[in-house]
Amino acid sequence: MRHSRLDVLSAAVLVGAAVVGIALLPSLPDRIAVHFGAGGSPDNYLSAPLGVVLVPAIGLVTLAAVRGLLPLGNDVPPPPWFGLALAGFLAYVHGVVLAWNLGYRVNVTLLVLPAVAVIVVLAFVIERR
1 MRHSRLDVLS AAVLVGAAVV GIALLPSLPD RIAVHFGAGG SPDNYLSAPL
51 GVVLVPAIGL VTLAAVRGLL PLGNDVPPPP WFGLALAGFL AYVHGVVLAW
101 NLGYRVNVTL LVLPAVAVIV VLAFVIERR
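For the sequence shown, counting from 1, position 6 maps to 6 in the UniProt record's numbering; every step adds exactly one.
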């Protein structure tokens, strides 16, 4: 399958998120929170170098799988705009987590849940097409 301009833009968003994380490494603690419980408190930590690239890296693999660039089956991939929405969602979550680790003590769950709702609605829209 050929990739579209939106696929390239989607990958660029995720690479950009990783670059921002790497640039912020000197300002981050040695171990950063990477998962938050329902109450918004961190419940899992990783080393900062791994933590700043993990979500973008998983996002790139997921993007390739969702858009049919990896040989996972014969399903029709979702439209390219969904890949961009997914990349934007993951970059947003990554940004919220980085902000928390930089000392901005916001409720991560409250900031992420609306974005989760949007991506789920978009997935249902695609499924129903």
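The beta-carbon is built from N, C-alpha and C at its ideal position, and this holds for glycine as well.
Just so it is clear, the structure is predicted and the values come from calculations on it, not from any experiment.
Any 3 or more C-beta pairs closer than 8 Å across the region 116–129 and the region 33–46: The region 116–129, when compared against the region 33–46, does not touch it at the 8 Å Cβ threshold.
Any chain C beta carbon closer than 8 Å to S47: You won't find chain C in this structure, because it holds only one protein chain.
At least 3 beta-carbon pairs within less than 8 Å: the region 83–97 vs the region 22–30: Touching, no.
For D7, the first and last residue of its enclosing alpha helix (DSSP H): If you number the sequence shown from 1, residue 7 lands on position 7. Membership of D7 in the alpha helix (DSSP H) is indicated by the continuous run R5 to L24.
Within 8 Å, strictly: CB atoms of G83 and V66: Along the sequence shown, read from residue 1 onward, the residue named residue 83 stands at position 83. Along the sequence shown, read from residue 1 onward, the residue named residue 66 stands at position 66. Taking the C-beta atoms as reference points, V66 is found nearer than 8 Å to G83.
For L46, the three-state DSSP class (helix, strand or coil): As a position in the sequence shown, residue 46 is number 46, starting the count at 1. DSSP places L46 in strand when its eight states are reduced to three.
Whole-angstrom C-beta distance between L122 and L60, which should lie under 8 Å: Residue 60 sits at position 60 when you count from the first residue of the sequence shown. Residue 122 sits at position 122 when you count from the first residue of the sequence shown. Not really, about 19 Å apart at Cβ, beyond 8 Å.
Residue range of the alpha helix (DSSP H) that includes A87: By 1-based counting over the sequence shown, the position of residue 87 is 87. It spans P80 to N101 - the alpha helix (DSSP H) in which A87 sits, taken as one unbroken run.
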